[in-house]
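Residue numbers (this note's numbering), protein chains in the order written: chain H, 9 to 342; chain B, 1189 to 1485.
All C-beta atoms, glycine included, are put in the ideal place defined by N, C-alpha and C.
Note that the structure is a prediction, hence the values are computed from the model and not measured.
Read through the structure below, which is laid out as structure tokens, and then see the notes.
Here is the structure:
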């Protein structure tokens, strides 16, 4: 397993990865609470970006509705906690079949009936919007008025119930991100990963060589959905409040895809790098605006839009491939 | 919302249906713009609803500052949007024609984000509307009561759509654009300036959605956030009616307009979009080329 993980990776890349991991591990000891919150966001977006990347970056299926899986994961875990006192980890175990079924349903409809390309992207938006409006009218989980988890001061960190200090949430998200990274690396260099890449590059050719494209596209959607749902569980217990208008909103789905696109679609480091760049730039912008005494809603999003535009126009493969060349690390992608 | 314990008189349904048809025609004009752009340029305009909000805000500003009625400003605003669309295609999107499909989406999504938030910064998040002197007028035909504003809006939409049909059918430029759509390589071979025709087409699509937005402010309030909602609605309509079919867009618009109006009456107005999405899913499953679309081999 270890050998499989590190096979074909240059020593330089391994060293860089180890340094990065060490820095992330000791970060909570050296940064203040504010920065820690920002780092949690970075990991949160990196994790979801990694999960989205399985569908788009590996298998070439553009989803613009990943807020659906975050929302379903969040509502499943929160509802079980509030109504039955079931903790988040068991809640995640329930969220897995829920989101897998939802992803499978969407995938089945789309792939069985040849809904591809732009139609597929629209279908994913439609599903998320459908869920948003549905949950707005779903009184059992609070409807549009929101769904809240009790917030108390906790004397100690309770990892089992995910109640505690920001540092605990940080390490949970770091572990999830690291696991997702490893899982994606293993997937990408396995049989299934090669099939996905074949489908991404040319689906008809892939089918001609005997790949069951329907089955492997289904795998991509389901794996991506289930992975994303954990971010939802985390979201519910970290923020303690859920509103359909926010968690299922299309602008959320767009926000999720920014990090992997800016970092580099289809690369393993892309989502992490993209999330880090975006958060750093956004925080920097916030500082500058605060210094100038400007407080305009929309400026942050406008800035994201301009970043996306610039990356799409100037670095269509994202920042990571460019940076990897600069660092003289060749990641085995594409 | 209709009360549940009392039967709703039949003419209410009829009134709501007519109201849905009229709104649907405006939706249809909006979707027509998307369909024209996709049919010719093969670029999916993810910033369609956002372009419409620009037109809506221009109409609102002109009305509140100079008391200019949106129905009178329809042509000038459509021309502004035409110029904007032309510049977008010629300046940015033409360079992306040969890029992968998802890169084009992302480019337009970036433009959409920029438009929404620029409008948010300029106008703030509050809803703006246009209150005309005829806002509460209506015509009565038998038991049928027709809202005057919606009737004018629908009539304007029909005129604009007809003008577009005529342009594509009877002018040389329109024929040249249709040639580009039918056979890209052929159009290049006979020496058509495809880039200019693409810019022209995107401009026409933007003008359509601009005209639709100008009359739509008579019916609905505008906030910066409605942009993405209408982009999505335009897609639902175009896919339902058939991508690339111009009558299909109008038909799809009417169908979605009536569905939303009926769902608002029978269930609750806030859930009406769910039914539009349900129609989308049904169409994608059973007639993916749309109601009037041609089968793609």
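List the residues of chain B whose Cβ lies closer than 9 angstroms to the Cβ of residue 56/H, in chain order. For this step, residue 56/H is matched to residue 48 along the first chain. Under the 9 angstroms cutoff, chain B gives no residues; its nearest Cβ is about 17 angstroms from residue 56/H.
Could you run through the segment 109 to 139 of chain H and flag, in chain order, every residue whose CB is less than 7 angstroms away from some CB of chain B? Those residues of the segment 109 to 139 of chain H that come within reach of chain B (Cβ to Cβ, closer than 7 angstroms) are 117, 121, 122, 123, 125, 126, 127, 129, 130, 131, 133, 134, 137, 138.
Which residues, taken in chain order from the segment 289 to 321 of chain H, show a beta carbon closer than 9 angstroms to some beta carbon of chain B? Of all residues in the segment 289 to 321 of chain H, only 304, 305, 306, 307, 308, 309, 310, 311, 312, 313, 314, 315, 316, 317, 318, 319, 320, 321 come within less than 9 angstroms of chain B when Cβ atoms are compared, listed by chain position.
Within 8 angstroms, strictly: CB atoms of residue 279/H and residue 61/H: On the first chain, position 271 is the one that residue 279/H refers to. On the first chain, position 53 is the one that residue 61/H refers to. In this structure, residue 279/H sits near residue 61/H, with a CB-CB distance shorter than 8 angstroms.
Using the beta-carbon of each residue, which ones in chain A are nearer than 8 angstroms to residue 1461/B? No chain A appears in this structure, whose protein chains are H and B.
Counting only beta-carbon separations shorter than 8 angstroms, does residue 1528/B have a partner in chain H? With chain B represented from 1189 up to 1485, any question about residue 1528/B goes unanswered, as that position is not in the structure.
Consider the Cβ of residue 1252/B: report whether some Cβ of chain H lies at a distance smaller than 8 angstroms. Counted from its first residue, the second chain places residue 1252/B at position 64. Among the residues facing chain H, residue 1252/B is not included, as its CB has no counterpart in that chain under 8 angstroms away.
Closest Cβ-Cβ distance between residue 1477/B and chain H: below 8 angstroms? Within the second chain, the letter at position 289 stands for residue 1477/B. It does not; no Cβ of chain H falls within 8 angstroms.
Classify residue 1236/B: buried if its beta carbon has 16 or more other beta carbons within 10 angstroms, exposed otherwise. Indexing the second chain from 1 puts residue 1236/B at position 48. By the C-beta density criterion, residue 1236/B is buried, having at least 16 other C-beta atoms within 10 angstroms.
Residue from 1225/B, 1255/B, 1250/B, 1445/B with nearest C-alpha to residue 1208/B: Working through the second chain from its first residue, we reach residue 1208/B at position 20. Closest by alpha carbon: 1445/B.
From 170/H, 184/H, 19/H, 44/H, pick the residue whose C-alpha is nearest to that of residue 158/H; which is it? Numbered from its first residue, the first chain carries residue 158/H at position 150. If we check each option's Cα against that of residue 158/H, 170/H comes out closest.
Using 10 angstroms around the beta-carbon of residue 144/H, count the other beta-carbons present and answer buried if the total reaches 16, otherwise exposed. Walking along the first chain from the start, residue 144/H turns up at place 136. It counts as buried.
In whole angstroms, give me the CA-to-CA distance for residue 1289/B and residue 1231/B. As a first step, residue 1289/B must be located in the second chain, where it is residue number 101. As a first step, residue 1231/B must be located in the second chain, where it is residue number 43. Their Cα atoms are separated by approximately 8 angstroms.
Is residue 1426/B near residue 1223/B, with beta carbons less than 8 angstroms apart? Locating residue 1426/B in the second chain gives position 238, counting from the first residue. Locating residue 1223/B in the second chain gives position 35, counting from the first residue. In this structure, residue 1426/B sits near residue 1223/B, with a CB-CB distance shorter than 8 angstroms.
How is residue 1371/B classed by DSSP in three states: helix, strand or coil? Residue mapping note: residue 1371/B aligns to position 183 of the second chain, counting from 1. Residue 1371/B falls in the coil class under three-state DSSP.
Starting from residue 1332/B, trace the beta strand (DSSP E) both ways and give me its first and last residue. The residue you call residue 1332/B lines up with position 144 of the second chain. Residue range 1332 to 1335 is occupied by the beta strand (DSSP E) that includes residue 1332/B.
Does residue 1420/B come within less than 8 angstroms of chain H when only Cβ atoms are used? The count along the second chain starts at 1 and reaches residue 1420/B at position 232. So yes, residue 1420/B belongs to the interface.
Examine chain H for any beta-carbon lying closer than 8 angstroms to the beta-carbon of residue 1457/B, and answer yes or no. On the second chain, residue 1457/B is found 269 positions in, with the first residue counted as 1. No, its Cβ sits nowhere closer than 8 angstroms to a Cβ of chain H.
Is residue 282/H closer than 8 angstroms to residue 271/H when the C-beta atoms are compared? Translated into positions along the first chain, residue 271/H becomes position 263. Translated into positions along the first chain, residue 282/H becomes position 274. Contact flag set, yes.
Let's see if you can read the secondary structure: which residues bound the alpha helix (DSSP H) around residue 69/H? Within the first chain, residue 69/H is the residue found at index 61, counting from 1. Unbroken run through residue 69/H: none, as it is neither H nor E.
Just to confirm, are residue 225/H and residue 200/H a CB contact at a threshold of 8 angstroms? For the purposes of this step, residue 225/H is taken as residue 217 along the first chain, with counting starting at 1. For the purposes of this step, residue 200/H is taken as residue 192 along the first chain, with counting starting at 1. With a cutoff of 8 angstroms on beta-carbon distance, residue 225/H and residue 200/H are scored as not near each other.
Distance CB(residue 1300/B)-CB(residue 1406/B) smaller than 8 angstroms: For the purposes of this step, residue 1300/B is identified with residue 112 of the second chain, where counting begins at 1. For the purposes of this step, residue 1406/B is identified with residue 218 of the second chain, where counting begins at 1. With respect to the 8 angstroms criterion, residue 1300/B and residue 1406/B are not classified as neighbours on the basis of their beta carbons.
If you follow the alpha helix (DSSP H) that residue 121/H is in, where does it begin and where does it stop? Taking the first residue of the first chain as 1, we reach residue 121/H at position 113. In this chain, residue 121/H is not harboured by any alpha helix (DSSP H), its DSSP state being neither H nor E.
Leaving out five residues before and five after residue 1190/B in sequence, what residues of the same chain have Cβ atoms less than 8 angstroms from its Cβ? Mapped onto the second chain, residue 1190/B falls at position 2. Below a pLDDT of 50, predicted positions are generally treated as unreliable, and residue 1190/B, at 45, falls in that range; no measurement from the model is reported.
Give a yes or no on whether the C-beta atoms belonging to residue 1413/B and residue 1304/B are separated by under 8 angstroms. If you number the second chain from 1, residue 1413/B lands on position 225. If you number the second chain from 1, residue 1304/B lands on position 116. Result yes, Cβ atoms of residue 1413/B and residue 1304/B sit closer than 8 angstroms.
List the residues of chain H whose Cβ lies closer than 9 angstroms to the Cβ of residue 1469/B, in chain order. For the purposes of this step, residue 1469/B is identified with residue 281 of the second chain, where counting begins at 1. Those are 117, 131, 134, 135, 138, listed as they occur along chain H.
Range of the contiguous alpha helix (DSSP H) that encloses residue 254/H: Within the first chain, residue 254/H is the residue found at index 246, counting from 1. That run of the alpha helix (DSSP H) goes 252 to 255.
So, is the C-beta of residue 207/H closer than 8 angstroms to a C-beta in chain B? Working through the first chain from its first residue, we reach residue 207/H at position 199. When Cβ-Cβ separations below 8 angstroms define contact, residue 207/H makes no contact with chain B.
My understanding is that residue 269/H touches residue 316/H, with C-beta atoms under 8 angstroms, so please give their C-beta distance in whole angstroms. Taking the first chain and counting its residues from 1, the one referred to as residue 269/H is at position 261. Taking the first chain and counting its residues from 1, the one referred to as residue 316/H is at position 308. Contact holds; Cβ gap of about 7 angstroms.
Inside the segment 132 to 198 of chain H only - alpha helix (DSSP H) runs reaching at least 4 residues: As far as the segment 132 to 198 of chain H is concerned, its whole alpha helix (DSSP H) runs of at least 4 residues are 174 to 196.
Looking at C-alpha atoms only, which residue of 260/H, 277/H, 294/H is the closest neighbour of residue 140/H? Counting from one through the first chain, the residue named residue 140/H turns up at place 132. Among 260/H, 277/H, 294/H, the Cα nearest to that of residue 140/H belongs to 260/H.
How would you call residue 1233/B, buried or exposed, if buried means at least 16 neighbouring beta carbons within 10 angstroms? Along the second chain, one-based indexing puts residue 1233/B at 45. Buried: at least 16 other Cβ atoms inside 10 Å.
Beta carbon of residue 228/H nearer than 8 angstroms to that of residue 108/H: Within the first chain, residue 228/H is the residue found at index 220, counting from 1. Within the first chain, residue 108/H is the residue found at index 100, counting from 1. Not a contact, by the Cβ cut-off of 8 angstroms.
Alpha-carbon to alpha-carbon, residue 155/H and residue 88/H: The residue given as residue 88/H occupies position 80 in the first chain. The residue given as residue 155/H occupies position 147 in the first chain. Their backbone Cα atoms lie some 12 angstroms apart in a straight line.
So, is residue 295/H buried or exposed, given that buried needs 16 or more other C-beta atoms within 10 angstroms? Taking the first residue of the first chain as 1, we reach residue 295/H at position 287. Burial call: exposed.
Is there a Cβ from chain B that is less than 8 angstroms from the Cβ of residue 323/H? The sequence position of residue 323/H within the first chain is 315, counting from 1. So no, residue 323/H is outside the interface.
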